[in-house]
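Those protein sequences? They're chains Z and G, same order as listed. Heads up: the first sequence begins at 0 in numbering that gives the first Met the number 0, then just goes up one per residue. Heads up: the second sequence begins at 0 in numbering that gives the first Met the number 0, then just goes up one per residue. Yeah, the Cβ is synthetic: ideal placement off N, Cα and C, and Gly gets one too. No experiment lies behind these values; they were computed from the predicted model shown.
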Amino acid sequence: MLKRKKIVPYYYILPGLLMILFFVYVPVISNFVYSFFRLSSYSSGKVFVGFDNYIKLFTSDTFFIMIKNNTLYAVISLIVQVGFGTIIALFIESKLTGRLRNVYRNIYFIPALISLTAVGLLFNFVYSPEVGLLNSALRAMGLQNLTQAWLGNSKTAIFSIIAMSQWQFTGYITLLMVVAIQNVPKDYIEAAAIDGAGPIRKAFSIMIPLVKEQLLVCSIITIIGAFKLFTEVYATTSGGPGNSSQVLGVYLYQNAFLHDKMGLAAATGVLIFVITVTISIIQIVVTKSGKV
Amino acid sequence: MLTREVIMKKKTSKQQVLKIMLHIFLILLVINILLPMIWLLMNSLKTNNELFKDSLALPSKWLFSNYAQAWGTGLFAYFKNSLIVSSISLMFIIIISASLAYGLTRFQVVGSNVIFFIVLGGMALSEQVALVPLYKMLQTLNLYNTYLAVILPYIAFRVPFTVFLMRAYFLSIPKELEEAAYIDGYNSFQIFYKIIVPISKPIFASCAIINLKFVWNEFLFANVFLESKAIMTIPIGLMTFSGDMRSNYTVMLAGIVIASIPMILIFLLMQKQFVRGLTTGSVKG
């Protein structure tokens, strides 16, 4: 009886634990091993090449473009999604919006529900040189000289993709911040109002300090998302024209499944791992210590 | 008395101006969000010629046949595949996560701290890092290009996060409830099914809905692990569909609309669960 009882907890734990170990941990660890080999998807043979894949990755011309693009995506997303998104949340939750509050919040959130593929295909159209919404609107406003092939121009491609993501995800962060603001005890705000604090003073002295934990979480998921960027680029430019909008995720995919350089892809995976896990650890350390 | 009234009036009119300015700003943002979607809807109802003539003009006749054609020439099949993959994945994500979270919160097992650490650590590992080895693994297991090729990784990658959410909820359930049931002669499984599961419906609903958003829209794994059109889910199916419709833009646009509707509908119907799930977890994607 006692023996049977001891095994009971494992009935609950094992299925999930085995799934995670087998389909998450084993592949991630294998990826480290793969990164030291040359291997192809057509055969099972592999050749040990040491740090060759890493040297190829770090010395390739596209390396700096990718780091620049992923970083650019992170910085702009932080400013627009987290910064601007929080300001919108403060506006929505101010006393002045009244009953329309939830309508605004829900409409802003809708783009985040649409799949990245659908948004990518839609923006292929929005940015298209002849029929696209953006160029058509510019022409209608008499700004013909600003029109261009937004995704086909190596100067504008990555910015066009980043702009698309801001359109899609700013409302998502706004929603998260709205809920955090709603959880701030009303007394604090009333006390501040009695003390004569204006709306800006209230936002900076009361609201933002009280929601800083959520603000940090939003910043972290935004930065991690920026370094895992894949579908947005894949569905619009595939990294082109040239390599101008190349990012780590697409580079990994293309090397693994188009150029048959799976070892190089694995090395790219390790780099993504190091970046995202470092950011996750920062989040855990900072939030656990409670001093945010 | 008079001066006070003047001050009050001034204050309220200043508030009034602020209020109007705020609403103008927020409505401009609404337009910015909705404009691409309205433009998409509008052009999905046109002929190709009309689209090329002026994409800003209203359709002369509303061509709902574009939708019928998109649905008939592929999207229906992709939709069906997404339903199969999503429902099976979801069911197992919820069952496996609930029992794992329960096992971790209610029993002191050997190494439970290590197990908890492994589960939480799973949240930090991204799909891209596992992509190449998973592809090789699925080929070796003869699962490549089957429904299971995406269902198994979906479950494995979503369990950690779901356990994280459920664990917090289970910890808030008072232990006395189970002790009473134990005295009544319930065993551990009966306690789980008859007591924990029924009172955990809200967290199950939240977890189901945010995981649905993930599995319904997932692209990376589906794109690499599903090869034949017959089993593609909506997100990759839509890419293939747009390739097939290269010269038939307006049907393709109708396809984008069809693919986007389910999640928007579910959000509007189950807003509360959606928002709760998103905000307790705060994880994107």
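Can you tell me which of the three DSSP states residue i falls into?
i, result
"Val46 of chain Z", "strand"
"Phe106 of chain G", "coil"
"Phe158 of chain Z", "helix"
"Arg37 of chain Z", "strand"
"His258 of chain Z", "coil"
"Met20 of chain G", "helix"
"Ile257 of chain G", "helix"
"Tyr126 of chain Z", "coil"
"Met269 of chain G", "coil"
"Asn247 of chain G", "coil"
"Pro197 of chain G", "helix"
"Thr232 of chain G", "coil"
"Gly131 of chain Z", "coil"
"Ala56 of chain G", "coil"
"Val81 of chain Z", "helix"
"Phe91 of chain G", "helix"
"Met140 of chain Z", "coil"
"Asn31 of chain G", "helix"
"Tyr143 of chain G", "coil"
"Gln147 of chain Z", "coil"
"Phe191 of chain G", "helix"
"Gln245 of chain Z", "coil"
"Ala196 of chain Z", "coil"
"Asn179 of chain G", "Per the sequence presented here, residue 179 of chain G reads as Ala, with Asn not at that position. It is helical."
"Met0 of chain Z", "Because the pLDDT at Met0 of chain Z is just 35, under 50, the model does not fix this residue reliably, and the value given afterwards should be weighed accordingly. Of the three classes helix, strand and coil, the one that applies to Met0 of chain Z here is coil, per DSSP."
Within 10 angstroms of the Cβ of residue i, are there 16 or more other Cβ atoms? Answer buried if so, exposed if not.
i, result
"Trp166 of chain Z", "buried"
"Gly49 of chain Z", "exposed"
"Val46 of chain Z", "exposed"
"Tyr192 of chain G", "exposed"
"Leu267 of chain G", "exposed"
"Asn31 of chain G", "exposed"
"Phe35 of chain Z", "buried"
"Val284 of chain Z", "exposed"
"Tyr10 of chain Z", "exposed"
"Ser159 of chain Z", "buried"
"Ser12 of chain G", "exposed"
"Val256 of chain G", "buried"
"Glu217 of chain G", "buried"
"Ile86 of chain Z", "exposed"
"Gln15 of chain G", "exposed"
"Val250 of chain G", "buried"
"Pro8 of chain Z", "buried"
"Ile199 of chain Z", "exposed"
Are residue i and residue j close, meaning C-beta to C-beta below 8 Å?
i, j, result
"Met231 of chain G", "Asn80 of chain G", "yes"
"Leu120 of chain Z", "Ser241 of chain G", "yes"
"Ala117 of chain Z", "Thr236 of chain Z", "no"
"Ile12 of chain Z", "Val158 of chain G", "no"
"Met163 of chain Z", "Glu231 of chain Z", "yes"
"Ile161 of chain Z", "Ile75 of chain Z", "yes"
"Ala191 of chain Z", "Asn52 of chain Z", "no"
"Ile64 of chain Z", "Ser279 of chain Z", "no"
"Pro132 of chain G", "Ser29 of chain Z", "yes"
"Gly254 of chain G", "Ala67 of chain G", "no"
"Gln127 of chain G", "Leu219 of chain G", "yes"
"Leu89 of chain G", "Val162 of chain G", "no"
"Cys217 of chain Z", "Val79 of chain Z", "no"
"Val27 of chain Z", "Leu124 of chain G", "yes"
"Tyr146 of chain G", "Val84 of chain G", "yes"
"Ile180 of chain Z", "Met206 of chain Z", "yes"
"Val23 of chain Z", "Ala129 of chain G", "yes"
"Ile202 of chain G", "Met165 of chain G", "yes"
"Ile263 of chain G", "Ile208 of chain G", "no"
Mind reading off the beta-carbon distance from residue i to residue j? Whole number of angstroms is fine, and I expect it under 8 Å.
i, j, result
"Val214 of chain G", "Tyr153 of chain G", "5 Å"
"Phe169 of chain G", "Ile195 of chain G", "7 Å"
"Ala225 of chain Z", "Ala73 of chain Z", "4 Å"
"Ser205 of chain G", "Gln272 of chain G", "5 Å"
"Leu21 of chain G", "Phe108 of chain Z", "About 19 Å separates the two Cβ atoms, so there is no contact after all."
"Ile87 of chain G", "Leu103 of chain G", "Not really, about 24 Å apart at Cβ, beyond 8 Å."
Going along the chain, which residues of the region 233-260 of chain G sit with their C-beta nearer than 8 Å to a C-beta in chain Z? Ile233, Pro234, Ile235, Leu237, Met238, Ser241, Tyr248, Met251, Leu252, Ile255, Ala258, Ser259
Return the residues of the region 123-134 of chain G that lie within a Cβ-Cβ distance of less than 9 Å from chain Z, sorted by chain order. Ala123, Leu124, Ser125, Glu126, Gln127, Val128, Ala129, Leu130, Val131, Pro132, Leu133, Tyr134
Against chain Z, which members of the region 177-205 of chain G pass a CB distance test of less than 9 Å? Asn186, Ser187, Phe188, Phe191
With 8 Å as the limit, tell me which residues of the region 150-163 of chain G have their beta carbon closer than that to any beta carbon of chain Z; keep them in chain order. Leu151, Pro152, Ile154, Ala155, Phe156, Val158, Pro159, Val162
Using a beta-carbon distance cut-off of less than 8 Å, what residues from the region 179-212 of chain Z approach chain G? Ala179
Using a Cβ-Cβ cutoff of 7 Å, what residues of the region 35-52 of chain G are near chain Z? List them in chain order. Pro35, Trp38, Leu39, Leu50, Phe51
Contacting positions in the region 149-161 of chain Z - beta carbon closer than 7 Å to chain G: none
Compile a chain-ordered list of the residues in the region 72-101 of chain G whose CB is closer than 8 Å to at least one CB of chain Z. Ile95, Ser96, Ser98, Leu99, Tyr101
Any residues in the region 209-225 of chain G with a beta carbon nearer than 9 Å to a beta carbon of chain Z? Which ones, in chain order? Lys212, Trp215, Asn216, Glu217, Phe218, Leu219, Asn222, Val223
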